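Residues 92 to 532 (this note's numbering) make up the sequence shown, in order.
Let me begin by presenting the structure, written as structure tokens, before commenting on it.
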Amino acid sequence: MSHILHRNLRQVPPTAVAADGIRIRDKAGRVYIDASGGAAVSSLGHGHPDVIAAMHRQIDKVAYAHTGFFTTDAAEELADRLIAGAPQDIGAVYLVSGGSEAMETALKLARQYWVEAGEPQRKLFMARRQSYHGNTLGALAVGGNEWRRRDFAPLLMDTVRVSACYEYRGRAAHQSVDDYTAGLLDELETRILEAGPENIIAFVAEPVVGATGGAIPPTPGYFQGVREICDRYRILLIADEVMCGMGRTGTMYAIEQDGVAPDIIAVAKGLAAGYQPIGAVLAHQTIADCLRKGSGVFQHGHTYIGHPVAAAAALEVQNVIERDDLLGRVRSRGATLRRMPGDVFGVHEHVGDIRGRGLLLALEFVQDRASKTPFPPERRLHAAIKAKAMENGLMVYPMGGTIDGQHGDHVLLAPPFIATAADLSEIVSRLSDAVEAALNS
Ligand code: PMP
92 MSHILHRNLR QVPPTAVAAD GIRIRDKAGR VYIDASGGAA VSSLGHGHPD VIAAMHRQID
152 KVAYAHTGFF TTDAAEELAD RLIAGAPQDI GAVYLVSGGS EAMETALKLA RQYWVEAGEP
212 QRKLFMARRQ SYHGNTLGAL AVGGNEWRRR DFAPLLMDTV RVSACYEYRG RAAHQSVDDY
272 TAGLLDELET RILEAGPENI IAFVAEPVVG ATGGAIPPTP GYFQGVREIC DRYRILLIAD
332 EVMCGMGRTG TMYAIEQDGV APDIIAVAKG LAAGYQPIGA VLAHQTIADC LRKGSGVFQH
392 GHTYIGHPVA AAAALEVQNV IERDDLLGRV RSRGATLRRM PGDVFGVHEH VGDIRGRGLL
452 LALEFVQDRA SKTPFPPERR LHAAIKAKAM ENGLMVYPMG GTIDGQHGDH VLLAPPFIAT
512 AADLSEIVSR LSDAVEAALN S
């Protein structure tokens, strides 16, 4: 009997006792390939000696120093490093302990910016239906993930909601991609005008949708259109790159590939690749300057912000990514991985869509390819695939849920950047077995 409230309250998961490279071993001696990097976290795999050594060095120097009293070289160097690799005009960094904290921080920073800029009437966030921004109340409020929100809905602030850019389900057969994109941008503008642009703090979006539906890249021109609309109505653009950032899609930030610079970026997961819990918020210089010249205080803070060991781990992860040209590797391996399910499954009658960017890939399962009819929610196909994959020594990230009244079963792959082509073949072959076993169960 475990005293931990595990994710599944009725079932204790296997106990991980060792982890090396892309594999994790449990107490019973079973070995699992980490094909999802946990939840798109472990970009360097497990047990990386350079990251572990960097953490040891920092623990020996200063394991913790409260930011109300001190800064540390580790935190400063990490911030410099993040700014150097960030889109133009991003000039300030706030270090937190994870993705939800990063999103809460981003929302509060955006709100305080407008208060200090003399526009305190701005009280509304805009976000997309198909989205996940974290599990704390503010982040949950802007997120559109219905099953995560359900029990807490009365506690959540109102958010102006628009459709996500989800071509597989959203674009009609007769519609061109450009027309579909233009329609989404029209909807965004209409909702802004309805709510009153002067009331809106920011538009929040994941450049590549992660945990709700999975690995959904935007259509060409979508984010450029969003940026133009945000500029036209003086609304901040917050990019939630908690899952898709830090190299996962082949560039440091996923939105770089859309040619857009957001005002605020939230990152976590891949930042220290799971070696320590850490997230960061990157903000436009104008926002930081406004607070500096105004109250001089960002009205926020947690005990573990700027944690030196977490910062040292993140800095070393970023050093390794640069030194070993892992972004180049994500791009080439990503292209291989995207082709593989098609090669292995062929045109599978129940695989409706294979999509992603870099080493973030998702498969969407349907009962019928032509009509895109989903499986009934009670079948919980995504969960069955995960269970069969675990029996097969494979970790994949399952997602199922209802979006706009429509159920979906998805499986996300986010293997470590260090995975070899042979590892990827093994992953897809084991996944294929798990899918067949789940479909036949
Ligand atoms: N935003 C996005 C896009 C995410 O994918 C996640 C985690 N799945 C979060 C925020 C929340 O991050 P965390 O679980 O570290 O709090």
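Think of the CB as a built atom: it goes at the ideal place given N, C-alpha and C, for glycine as much as any other residue.
Quick caveat, the model's predicted, so the values are computed rather than measured.
Could you tell me whether the Cβ atoms of residue i and residue j are closer together than 8 Å?
i      : j      : result
Ile509 : Ile143 : no
Val268 : Pro311 : yes
Gln458 : Pro468 : no
Gly136 : Thr303 : no
Met194 : Asp331 : yes
Glu210 : His393 : no
Ile476 : Thr158 : no
Ala371 : Tyr185 : yes
Pro399 : Val153 : yes
Tyr539 : Pro178 : This structure cannot settle anything about residue 539, because the visible part of the chain is limited to 92 through 532.
Lys118 : Val108 : yes
Gln497 : Gly182 : no
Arg446 : Ala453 : yes
Arg241 : Gly234 : no
Gly305 : Met490 : yes
Val317 : Leu328 : yes
Ile378 : Leu200 : yes
Ser534 : Tyr488 : The chain is shown only over 92 to 532; residue 534 falls outside these bounds and no answer can be derived.
Val251 : Ala286 : yes
Leu450 : Ala505 : yes
Gln315 : Gly350 : yes
Check each candidate in the options and name the one with the smallest Cα separation from residue i.
i      : options                        : result
Asp180 : Ala374, Asn531, Arg424         : Ala374
Ala208 : Arg325, Ala505, Arg424         : Arg325
Leu382 : Arg202, Asp270, Leu472         : Arg202
Gly176 : Gly338, Asp524, Asn99          : Gly338
Ser254 : Phe243, Thr342, Pro309         : Pro309
Cys321 : Leu450, Arg282, Tyr488         : Arg282
Asp514 : Asn531, Asp125, Ala197, Asp444 : Asp125
Asn342 : Glu285, Leu276, Lys384, Arg422 : It is Thr, not Asn, that sits at residue 342 in the sequence shown. Checking every option, the nearest Cα to that of Thr342 belongs to Arg422.
Met334 : Val300, Gly316, Pro353         : Val300
Pro298 : Ala352, Gly128, Ala230         : Ala352
Leu228 : Asp270, Gln221, Gly138, Met248 : Met248
Met486 : Arg448, Glu455, Val526         : Val526
His139 : Gly274, Leu522, Pro507, Ala306 : Pro507
Ile307 : Lys360, Phe436, Leu417, Arg448 : Arg448
Arg121 : Thr106, Ser127, Ile95, Gly128  : Thr106
Asn236 : Glu285, Thr272, Leu418, Gly499 : Gly499
Lys360 : Glu278, His224, Gly274         : His224
Lys384 : Gly189, Tyr204, Leu96, Thr196  : Tyr204
His441 : Asp434, Ser386, Glu455         : Glu455
Tyr259 : Val251, Thr250, Thr272, Arg252 : Thr272
Gln348 : Phe436, Gly336, Leu284         : Gly336
Ser523 : Ile150, Gly433, Phe160, Ser386 : Gly433
Leu362 : Gly189, Phe436, Gly387, Val438 : Gly189
Asn410 : Ala474, Ala145, Tyr257         : Ala145
Glu289 : Arg213, Ser532, Asp164         : Arg213
Ala474 : Ile95, His94, Asn99            : Asn99
Leu530 : Gly129, Ile355, Arg471, Gln149 : Arg471
Leu279 : Cys256, Ile412, Pro245, Phe160 : Cys256
According to DSSP, residue i sits in a beta bridge with which residue or residues?
i      : result
Asp459 : Thr464
Leu504 : Leu452
Ala594 : The question about residue 594 has no answer, for the chain in this structure spans 92 to 532.
Leu186 : Ala371
Val122 : Arg116
His147 : The partner list for His147 (beta bridge, DSSP) is empty, contrary to what the question assumes.
His137 : Gly112
Thr250 : Phe216
Phe389 : DSSP lists no partner for Phe389.
Gly301 : Looking at the DSSP assignment, Gly301 forms no beta bridge with any residue, so it has no partner.
Asp270 : DSSP output for Asp270 lists no bridge partner at all.
Ala293 : Phe216, Leu327
Ile85  : Since the displayed the chain opens at 92 and closes at 532, residue 85 lies outside it and no answer follows.
Tyr488 : Leu503
Ala107 : Asp117
Ile181 : His375
Val442 : Phe456
Looking at the C-beta of residue i, does it have a partner C-beta in chain D at a distance below 8 Å?
i      : result
Ala156 : Protein chain content of the structure displayed is limited to a single chain, and chain D is not contained in it.
Kindly confirm or deny that the region 152-171 and the region 398-411 touch, where touching means at least three C-beta pairs closer than 8 Å.
yes
Check whether the region 207-221 touches the region 281-295, counting contact only when three or more Cβ pairs, one atom from each stretch, lie closer than 8 Å.
yes
With distances taken from each beta carbon to the nearest heavy atom of the ligand PMP, which residues come in below 5 Å, in chain order?
Gly189, Gly190, Ser191, His224, Gly225, Glu297, Gly301, Ala302, Asp331, Val333, Met334, Ala359
Please confirm if the region 472-489 is in contact with the region 384-392, defined as three or more CB-CB distances below 8 Å between the two stretches.
no
Does the region 510-526 come into contact with the region 113-128, if we say contact requires no fewer than three beta-carbon pairs (one atom in each stretch) closer than 8 Å?
yes
Report yes or no: do three or more beta-carbon pairs, one from the region 125-141 and one from the region 362-371, lie closer than 8 Å?
yes
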